[in-house]
Amino acid sequence: MNIQRDPSPPIAESVIASTRQNPNQSIIKVNEQFLQEPTLAFLESYQNHLRPALASGIFVLPVSRLQLNSIGDIGQFKHIQICDLNSNFIETIDSLIINCRQLIKLDLHSNRINQLPDGKYWKHMLQLKVLYLHDNLLSSYDDVKFLAYAPVVEILTLYDTPLSLKKNYRHHVVNSIWSLKALDTYVIADDEIIEKTNFPEPYAAYSNVFKLNLYVPTGKNSTLSTERQMIQQLFKQVNHIQSHFCPVLILQKNFRMWLVQLRLKKYILLTQKPPPKFLRPRSLFSPMSGLSEKFSSQPKPPRTSALTDAYHSIEQIKTPESYQDKRHMKIQMNQLIHTQNGTNRLPYCTTDISHRSRQLITKTS
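Residue numbers for the sequence shown follow my numbering, beginning at 22 and rising by one.
What follows is the structure in structure tokens.
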């Protein structure tokens, strides 16, 4: 790492002297000074005298716009979680990825990085969720394959690189890094993951609802708590967009709600307290058992007395005195005989019919 000397290094030497006298007090001073504005002279004075106790207390490392050519001794800070190295002249980041495995956010945009470390190093980055690599010299899909080993990367920027100019660039990146939720300036839609699907607006990819500024800069005076809050706020925006405009997530949410309702219903029924009315099961006892007649599974049999009374009343109406006239009945029987003489519908002769009609007349008389 090319380091230019500061014309006033006695401040760093005084801090080192105070470190030997009172270590606890020096840790607080070093952390405050380093987190506020880490200068090149500060890094130079501590690269040979830095103790593990001092390095373990540093979690935020903003070293942007310092014209750094390499990572250098920044890899000694193994406990950093927020690292900002943007707007430098860095070409390789191997030592940073190998040593600093607790990173949550890594900002490397506007550098000269042309190749990423191998995937065996990325798989140890178990907490890295935000990675800014835009405005670099990455041009190969092999770098995307290496990034696929990072298990929890959710936000990634690769625009303004030679790789982003290739055909089907976004399709390759989205389907290679499975944990990814947002790429460049858009949240990932279901159209980009599921092949041969075309959802209508506003569920289609590249809709205005999916557009979001993913870059969150790191300030010089930022602390770990403020950086975490900003990252959480960014994740909330991404999750809100996906939960409202991704059909797959909407279906999963409704299905989980249905499962919760079923489990809640079983739990209420198993408790000793009586369940509410809308959850009470209907009884399936027959009305003849006398246990429950309100919720019977079979219909109740009709009352015989009521049916017989109605039947007799109907018969009285349908049989007036005019129907009992002998002449009228004789005329009807004669008409029946004459109409059926020319047909073969009756299996017996007409004499039998006349004989039977006479018997009926005698009985009625």
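Think of the CB as a built atom: it goes at the ideal place given N, C-alpha and C, for glycine as much as any other residue.
With a CB to CB cut of under 6 Å and the five nearest residues on each side skipped, what residues in its chain are close to VAL173? Taking the sequence shown and counting its residues from 1, one reaches residue 173 at position 152. Around VAL173: LYS150 and SER200.
If we ignore side chains and look at the alpha-carbon of each, how far apart do LEU137 and ASP164 end up? Start at 1 with the first residue of the sequence shown, and residue 137 comes out as number 116. Start at 1 with the first residue of the sequence shown, and residue 164 comes out as number 143. Using only the alpha carbons, I get a separation of about 6 Å.
Report the CB separation of LEU159 from PRO183 in whole angstroms; it is logged as a contact under 8 Å. As a working mapping, residue 159 is identified with position 138 in the sequence shown. As a working mapping, residue 183 is identified with position 162 in the sequence shown. Distance from LEU159 to PRO183 at the Cβ level is roughly 7 Å; contact confirmed, criterion being Cβ atoms closer than 8 Å.
If you follow the alpha helix (DSSP H) that ASP212 is part of, which residue opens it and which one closes it? Taking the first residue of the sequence shown as 1, we reach residue 212 at position 191. It is not in any alpha helix (DSSP H) - ASP212 carries neither H nor E in the DSSP assignment.
Once the 5 residues before and after SER35 are set aside, which same chain residues still bring their CB inside 7 Å of it? Within the sequence shown, the letter at position 14 stands for residue 35. Summary for SER35: the model assigns pLDDT 47, below 50, so the residue's position carries little reliability; its value from the coordinates is reported in the next sentence. Here the set comprises nothing.
ASN109 and LEU89 look like a contact to me (Cβ under 8 Å); what is the Cβ gap, rounded to whole Å? As a working mapping, residue 109 is identified with position 88 in the sequence shown. As a working mapping, residue 89 is identified with position 68 in the sequence shown. So it is a contact: roughly 4 Å between Cβ atoms.
Can at least three beta-carbon pairs, one atom from the stretch 251-271 and one from the stretch 226-238, be found at a separation below 8 Å? yes
By the DSSP assignment, the beta strand (DSSP E) with ASP139 in it spans what residues? Residue mapping note: residue 139 aligns to position 118 of the sequence shown, counting from 1. Note, ASP139: premise wrong, no beta strand (DSSP E); not H, not E.
Taking 7 Å as the threshold (beta carbon to beta carbon), is LEU129 in contact with chain D? Judged by its chain identifiers, the structure shown contains no chain D, having just a single protein chain.
Could you please give the first and the last residue of the uninterrupted beta strand (DSSP E) stretch that includes LYS126? Position 105 of the sequence shown, counted from the start, is the residue given in the question as residue 126. Segment 126-128, the beta strand (DSSP E) holding LYS126.
N- and C-terminal bounds of the beta strand (DSSP E) containing PRO83: Position 62 of the sequence shown holds residue 83. Counting along the chain, the beta strand (DSSP E) containing PRO83 begins and ends at 81-83.
First through last residue of the beta strand (DSSP E) which encompasses VAL151: Within the sequence shown, the letter at position 130 stands for residue 151. Run containing VAL151: 151-153, per the beta strand (DSSP E) assignment.
Thinking C-alpha only, which one of LEU168, ASN157 and TYR162 is nearest HIS413? A query on residue 413 cannot be resolved here, the shown segment of the chain reaching from 22 to 386 and no further.
Going along the chain, which residues of its own chain have a beta-carbon closer than 7 Å to the beta-carbon of LEU124, five neighbours each way excluded? Counting from one through the sequence shown, the residue named residue 124 turns up at place 103. These residues qualify, in order along the chain: ILE101, GLN102, CYS104, MET146, GLN148 and LEU149.
What are the start and end residues of each continuous alpha helix (DSSP H) run of 4 or more residues lying completely inside the stretch 183-263, in chain order? 190-197
Check whether the Cβ atoms of LEU270 and SER264 lie closer than 7 Å to each other. Taking the sequence shown and counting its residues from 1, the one referred to as residue 270 is at position 249. Taking the sequence shown and counting its residues from 1, the one referred to as residue 264 is at position 243. Result yes, Cβ atoms of LEU270 and SER264 sit closer than 7 Å.
Presumed contact (8 Å Cβ cut-off) between TYR162 and HIS193, rounded CB distance: Working through the sequence shown from its first residue, we reach residue 162 at position 141. Working through the sequence shown from its first residue, we reach residue 193 at position 172. With a Cβ gap of about 6 Å, TYR162 and HIS193 count as contacting.
Which stretch, first to last residue, makes up the alpha helix (DSSP H) that contains ILE92? Taking the sequence shown and counting its residues from 1, the one referred to as residue 92 is at position 71. That residue, ILE92, is in no alpha helix (DSSP H); it is neither H nor E in DSSP.
Quick check: the Cα distance between TYR224 and TYR180, rounded to an integer number of angstroms? Taking the first residue of the sequence shown as 1, we reach residue 224 at position 203. Taking the first residue of the sequence shown as 1, we reach residue 180 at position 159. Cα to Cα, the separation comes out at about 23 Å.
Is the beta carbon of ASN132 closer than 7 Å to that of ILE111? In the sequence shown, the residue the question calls residue 111 occupies position 90. In the sequence shown, the residue the question calls residue 132 occupies position 111. In contact: ILE111 and ASN132 (Cβ atoms closer than 7 Å).
Exposed or buried, which one is SER85 when buried takes at least 16 other CB atoms within 10 Å? Here the question's residue 85 lines up with position 64 in the sequence shown. Per the 10 Å Cβ criterion, buried.
What separation, rounded to the nearest whole angstrom, lies between the Cα atoms of PHE256 and LYS298? As a first step, residue 256 is located in the sequence shown; it is residue number 235 there, counting from the start. As a first step, residue 298 is located in the sequence shown; it is residue number 277 there, counting from the start. Cα atoms of PHE256 and LYS298: separation of roughly 42 Å, rounded to the nearest angstrom.
Taking Cβ positions, are SER116 and ILE79 nearer each other than 7 Å? In the sequence shown, residue 116 corresponds to position 95, counting from 1. In the sequence shown, residue 79 corresponds to position 58, counting from 1. Not closer than 7 Å, so no.
Count the other CB atoms within 10 Å of the CB of ASN242; is the residue buried (16 or more) or exposed (fewer)? Against the sequence shown, residue 242 aligns to sequence position 221. By the 10 Å Cβ count, ASN242 comes out exposed.
Based on the DSSP output, what are the partners of THR292 in its beta bridges? Indexing the sequence shown from 1 puts residue 292 at position 271. THR292 is not bridged to any residue.
Using a Cβ-Cβ cutoff of less than 6 Å, which residues in the same chain neighbour TYR170 once the five nearest sequence positions on both sides are dropped? Position 149 of the sequence shown holds residue 170. Within the same chain, TYR170 has close Cβ partners GLY140, TRP143 and LYS144.
Quick check on LEU270: does DSSP put it in helix, strand or coil? Residue 270 sits at position 249 when you count from the first residue of the sequence shown. For LEU270, the three-state secondary structure derived from DSSP is helix.
Could you tell me the boundaries of the beta strand (DSSP E) in which ILE114 lies? On the sequence shown, position 93 is the one that residue 114 refers to. Unbroken run through ILE114: none, as it is neither H nor E.
PRO44, buried or exposed, once every other Cβ within 10 Å from all chains shown has been counted against 16: Working through the sequence shown from its first residue, we reach residue 44 at position 23. Its pLDDT being 46, under 50, PRO44 is placed unreliably by the model, and the measurement read from it follows with that caveat. Answer is exposed; the Cβ neighbour count stays below 16.
Is PRO268 closer than 7 Å to ASP212 when the C-beta atoms are compared? Looking up residue 212 in the sequence shown gives position 191. Looking up residue 268 in the sequence shown gives position 247. Their beta carbons are not under 7 Å apart, which means ASP212 does not touch PRO268 by this criterion.
Who are the near neighbours of ASN229 in its chain, counting only those whose CB is closer than 8 Å to its CB and skipping five residues on each side? Walking along the sequence shown from the start, residue 229 turns up at place 208. Closer than 8 Å at the Cβ level, and outside the excluded window around ASN229, lie PRO223.
Run the CB neighbour count on LEU177, radius 10 Å, all protein chains shown included, and call it buried at 16 or more, exposed below. Taking the first residue of the sequence shown as 1, we reach residue 177 at position 156. Answer is buried; the Cβ neighbour count reaches 16.
Taking the straight line between their C-alpha atoms, what separation do you get for GLN219 and GLN97? Within the sequence shown, residue 219 is the residue found at index 198, counting from 1. Within the sequence shown, residue 97 is the residue found at index 76, counting from 1. This sequence places Asn at residue 219; Gln is not what is there. So the alpha carbons of these two residues sit roughly 49 Å apart.
Count the other C-beta atoms from every protein chain shown that fall within 10 angstroms of the C-beta of LYS126, then say buried if there are 16 or more, exposed otherwise. Residue 126 sits at position 105 when you count from the first residue of the sequence shown. The residue is buried, with at least 16 neighbouring Cβ atoms inside 10 Å.
Return yes when the Cβ of LYS217 is within less than 7 Å of the Cβ of ILE209, no when it is not. In the sequence shown, counting from the first residue as 1, residue 209 sits at position 188. In the sequence shown, counting from the first residue as 1, residue 217 sits at position 196. Not a contact, by the Cβ cut-off of 7 Å.
Paired residues, beta bridge with LEU177 - DSSP: Walking along the sequence shown from the start, residue 177 turns up at place 156. LEU152 and LEU204, per the DSSP bridge assignment.
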